[in-house]
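Down below is the structure, laid out as structure tokens.
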Amino acid sequence: MSQAIIEVNQLTKRFKSNVAVEKVDFQIERGDIFGLIGQNGAGKSTLLKMIGGLMYPTAGDIHLFDRTVEGNHPYFERMGLLIEDAGLFPSYSAYENLDLIAISYGLKDRKNHIYDLLDLVGLERTNKKKVRNFSMGMKQRLGIAAALLGSPDVLILDEPINGLDPQGISDIRELILKLNQSGMTIILSSHILEELSKVATKYAILHEGKIMEINTKDELLSKCEERIELEVDDAKVVIPVLENRLNVRDYKVIDDQTVYVYDTHVQSQQIVNVLVEEKMAVHSISKHKQSLEQYFLERTGSRGVTYA
Amino acid sequence: MLNILKMDLHRFLTNKVLYLMLLIYTAFQIFGIFMMKQYPVEYDGVPVSSLNASEFIQVGLAQTPSWVLLYVTVFAVYFYMSELNSGFYKNYVSMEGARIHSVLSKVFILGLFTLFIMLTMVISDFIGRNIFFGHASLGDVGYFMKVFFGQFALHWAFSVVVLLLTMLTKNAIVSLGIGVAIALNVPGMVIETFDTLIDGINVSQFMLINTVKTIRDFHDISEVIHVASVAIIYLVLFSFIAVRYKVKEDLR
Numbered sequence: 003m004s005q006a007i008i009e010v011n012q013l014t015k016r017f018k019s020n021v022a023v024e025k026v027d028f029q030i031e032r033g034d035i036f037g038l039i040g041q042n043g044a045g046k047s048t049l050l051k052m053i054g055g056l057m058y059p060t061a062g063d064i065h066l067f068d069r070t071v072e073g074n075h076p077y078f079e080r081m082g083l084l085i086e087d088a089g090l091f092p093s094y095s096a097y098e099n100l101d102l103i104a105i106s107y108g109l110k111d112r113k114n115h116i117y118d119l120l121d122l123v124g125l126e127r128t129n130k131k132k133v134r135n136f137s138m139g140m141k142q143r144l145g146i147a148a149a150l151l152g153s154p155d156v157l158i159l160d161e162p163i164n165g166l167d168p169q170g171i172s173d174i175r176e177l178i179l180k181l182n183q184s185g186m187t188i189i190l191s192s193h194i195l196e197e198l199s200k201v202a203t204k205y206a207i208l209h210e211g212k213i214m215e216i217n218t219k220d221e222l223l224s225k226c227e228e229r230i231e232l233e234v235d236d237a238k239v240v241i242p243v244l245e246n247r248l249n250v251r252d253y254k255v256i257d258d259q260t261v262y263v264y265d266t267h268v269q270s271q272q273i274v275n276v277l278v279e280e281k282m283a284v285h286s287i288s289k290h291k292q293s294l295e296q297y298f299l300e301r302t303g304s305r306g307v308t309y310a
Numbered sequence: 480m481l482n483i484l485k486m487d488l489h490r491f492l493t494n495k496v497l498y499l500m501l502l503i504y505t506a507f508q509i510f511g512i513f514m515m516k517q518y519p520v521e522y523d524g525v526p527v528s529s530l531n532a533s534e535f536i537q538v539g540l541a542q543t544p545s546w547v548l549l550y551v552t553v554f555a556v557y558f559y560m561s562e563l564n565s566g567f568y569k570n571y572v573s574m575e576g577a578r579i580h581s582v583l584s585k586v587f588i589l590g591l592f593t594l595f596i597m598l599t600m601v602i603s604d605f606i607g608r609n610i611f612f613g614h615a616s617l618g619d620v621g622y623f624m625k626v627f628f629g630q631f632a633l634h635w636a637f638s639v640v641v642l643l644l645t646m647l648t649k650n651a652i653v654s655l656g657i658g659v660a661i662a663l664n665v666p667g668m669v670i671e672t673f674d675t676l677i678d679g680i681n682v683s684q685f686m687l688i689n690t691v692k693t694i695r696d697f698h699d700i701s702e703v704i705h706v707a708s709v710a711i712i713y714l715v716l717f718s719f720i721a722v723r724y725k726v727k728e729d730l731r
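Here the protein sequences line up with chains W and C, keeping their order.
Note that the working numbering numbers the first sequence so that position 78 is 80, with each residue one more than the last.
Note that the working numbering numbers the second sequence so that position 187 is 666, with each residue one more than the last.
Quick look at the structure:
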């Protein structure tokens, strides 16, 4: 039985002649941290707003928890949203904002629930400080608390680390991992793949409204990791030599002729020298190294553009 | 529905802007009565200072600009736009039925504000007339109630018209501009001009602001029905359009 709790099929959103999201397909499984990566204007927020029930698709459909949903379907209630800016009244305190949301949900025992959430996001000491006097990081954390107030099954966070300092980014990352460990499925968008890679378990690259690629974490790391790719006559014969002469322990035999060496202490020239001494033929040897940023830029055809 | 209404009600009653507006209104209303004492005004040859509460309200609301309409405009735009600009709606609008309930709740809150400002008007008039005219006679209570609730219903309907305009424009300045133009009865005057050009047509009597500003004899049941009909039609029609719009709206 499918574990997909969110599935979108051919999802499209047009604003007059502008296609913001075009024929997007993907599945998100329970417990995933689904990273949506794309440049500014790629269509990430529009896509998330459709999944969160704020916008209606022009075409395609959305399945939540194995049901097709449209209009103001009750399943949208099971999503906690922090899309673009946190929706907070600036003249109210953190507690007052959460209290208003809690009233709209009809929550009982609001006070304890709100204090628990403020504690979870590290805002328990803000007292009567108004939101307009909060730092960007505090607003984002309060936005997450607001999104968590209804005890959602899925948390949608759109660019949650935008404008945060390194400590703020680290705090949000810890919080996301903590929530995920408690069983929550999380959708996270960012234009910084490096940052997403620290938390996400699955990645979709969105470019000009289209999904370019979907990878699991292992697939992505495999595509971006540093390694020496070696092509020889017989991999089985070469492996003992690499192990004994160069102390290579981290490697992968891809096929009969191809070996990937991941040990960073070994240089390509050393491998060539040892294999030549052992009278073994080396057909090719190359070093493979691609940063996550390079990988993303390559997929979106944006080489030369630097992202902060 | 009830939870969203409770939330809006909580926001409404804990908002200092509400009390500030009522306080400013009270001050200006009493000051206005003071000015009437300094520079006596007559209506139909009768000094305004000698009118009872029902007559005084009708004469006051028939003035252009109507301050009550302007306050209602400002509050309607403020209450809707503060939520829209903050993005607060994103926290609850994906709940089942929340779009419909959110609009109906705003309509209710606007009704409450209209009631508050009209009660403030009555109380300010009572205080001001007592102080500066030396009397504050209410007149026939039944007649007063008909005037009060008739005008309340018309003003509430007007607030819903402003709410819809604000929803459509999503811009406080533009909404205020159009709202003030309507409060000044610009559309009513245009329609009146057409009425004078075409024989046998009197559409302007069904215009909301024209109905607010026309001084009527509420002893005449047909006048009461006319006021009630205009108020209910505008209230229901514009609320319905506002709900339909919100249900179909893409929330950005």
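Beta carbons are placed, not taken as given, at the ideal position from N, Cα and C, and that holds for glycine.
### Query
In whole angstroms, what is the alpha-carbon distance linking Gly165 of chain W and Ser137 of chain W?
10 Å
#### Entry: beta strand (DSSP E) runs contained entirely in the region 153-189 of chain W, provided each spans 3 or more residues
156-160
### Message
Applying the 10 Å Cβ sphere with the 16-neighbour rule, what's the burial state of Asp249 of chain W?
### Response
It should be pointed out that residue 249 of chain W corresponds to Asn in this sequence rather than to Asp. Its Cβ having fewer than 16 others within 10 Å, Asn249 of chain W is exposed.
### Message
For Asn11 of chain W, report the span of its beta strand (DSSP E) as first-last.
### Response
6-17
### Query
Using a Cβ-Cβ cut-off of 6 Å (strictly less than) and excluding sequence neighbours within five positions of Gln142 of chain W, which residues of its own chain qualify?
Pro162
### Query
For Ser718 of chain C, which residues from the same chain have a beta carbon less than 6 Å from its beta carbon, with the 5 sequence-adjacent residues on both sides left out?
Val586, Val639
### Interface partners of Ile8 of chain W on chain C, CB under 7 Å
What Ile8 of chain W touches in chain C: nothing, since even the nearest Cβ is about 14 Å away.
### Message
8 Å is my cut-off, CB to CB: does Arg490 of chain C come that close to chain W?
### Response
yes
### Query
Expressed to the nearest angstrom, what Euclidean distance is found between the alpha-carbon atoms of Ile711 of chain C and Val156 of chain W?
43 Å
### Task
Within the region 267-302 of chain W, note down every full beta strand (DSSP E) run reaching 3 residues or more, in order along the chain.
284-290
### Query
What does a CB cutoff of less than 7 Å around Asp696 of chain C pick up in its chain, not counting 5 residues either side in sequence?
Glu702
#### Entry: Met624 of chain C versus Val582 of chain C: straight-line alpha-carbon distance, rounded
28 Å
### Query
Is DSSP giving Thr70 of chain W helix, strand or coil here?
strand
### Message
Quick check on Ala555 of chain C: does DSSP put it in helix, strand or coil?
### Response
helix
### Query
Taking Cβ positions only, does Phe558 of chain C come closer than 8 Å to chain W?
no
#### Entry: Interface partners of Gly566 of chain C on chain W, CB under 8 Å
Glu86, Asp87, Ala88, Gly89, Leu90
### Query
Using the beta-carbon count (16 or more within 10 Å), is Ala310 of chain W buried or exposed?
With a pLDDT of 32 at Ala310 of chain W, under the threshold of 50, the modelled position of this residue cannot be trusted; read the value that follows with caution. Exposed is the call here.
### Message
Do Leu144 of chain W and Asn99 of chain W have their beta-carbon atoms positioned less than 8 Å apart in this structure?
### Response
yes
### Message
What does the alpha-carbon distance come out to for the pair Met686 of chain C and Gly539 of chain C?
### Response
19 Å
### Message
Could you check whether the Cβ of Pro59 of chain W sits closer than 8 Å to any Cβ belonging to chain C?
### Response
no
### Query
What is the rounded straight-line gap between the Cα of Ile287 of chain W and the Cα of Glu231 of chain W?
6 Å
### Task
Label Gln319 of chain W either buried or exposed according to how many other C-beta atoms from any shown protein chain fall within 10 Å of its C-beta, with 16 as the threshold for buried.
It is not possible to answer for residue 319 of chain W, since the shown part of chain W is limited to 3 through 310.
### Task
Give me the Cβ distance between Ile207 of chain W and Phe298 of chain W, rounded to the nearest whole Å; I'm assuming they're in contact under 8 Å.
7 Å
### Query
With a Cβ-Cβ cutoff of 8 Å, do Tyr262 of chain W and Arg229 of chain W count as a contact?
yes
### Query
Taking all protein chains shown into account, do 16 or more other C-beta atoms lie within 10 angstroms of the C-beta of Asn217 of chain W, making it buried, or fewer, making it exposed?
buried
### Task
Report buried or exposed for Arg578 of chain C, applying the criterion of at least 16 other Cβ atoms within 10 angstroms of its Cβ.
buried
### Task
Could you tell me whether the Cβ of Glu79 of chain W comes closer than 8 Å to any Cβ of chain C?
yes
### Supposed contact pair Val123 of chain W and Leu198 of chain W - C-beta distance, whole angstroms, cut 8 Å
Not a contact, Cβ separation roughly 20 Å.
### Query
What number of angstroms, rounded off, separates the C-alpha of Ala44 of chain W from the C-alpha of Glu210 of chain W?
5 Å
### One or two residues paired with Val263 of chain W in a DSSP bridge
W:Ile230, W:Tyr253
### Query
In chain W, what lies closer than 8 Å to Tyr571 of chain C by C-beta?
Ile103, Ser106, Tyr107
### Message
Considering Cα atoms alone, identify which of C:Leu589, C:Ala660, C:Ser533 is closest to Leu714 of chain C.
### Response
C:Leu589
### Query
If you draw a straight line from the C-alpha of Ile7 of chain W to the C-alpha of Ile64 of chain W, how long is it?
10 Å
### Query
Apart from the five residues just before and just after Val496 of chain C, which ones in its own chain have a Cβ nearer than 7 Å to its Cβ?
Tyr557
#### Entry: Leu730 of chain C: contacting residues in chain W (beta-carbon distance under 8 Å)
Lys51, Leu56, Met57
### Message
Relative to the C-alpha of Phe507 of chain C, which candidate in C:Ser603, C:Leu481, C:Gly656 has its C-alpha closest?
### Response
C:Ser603
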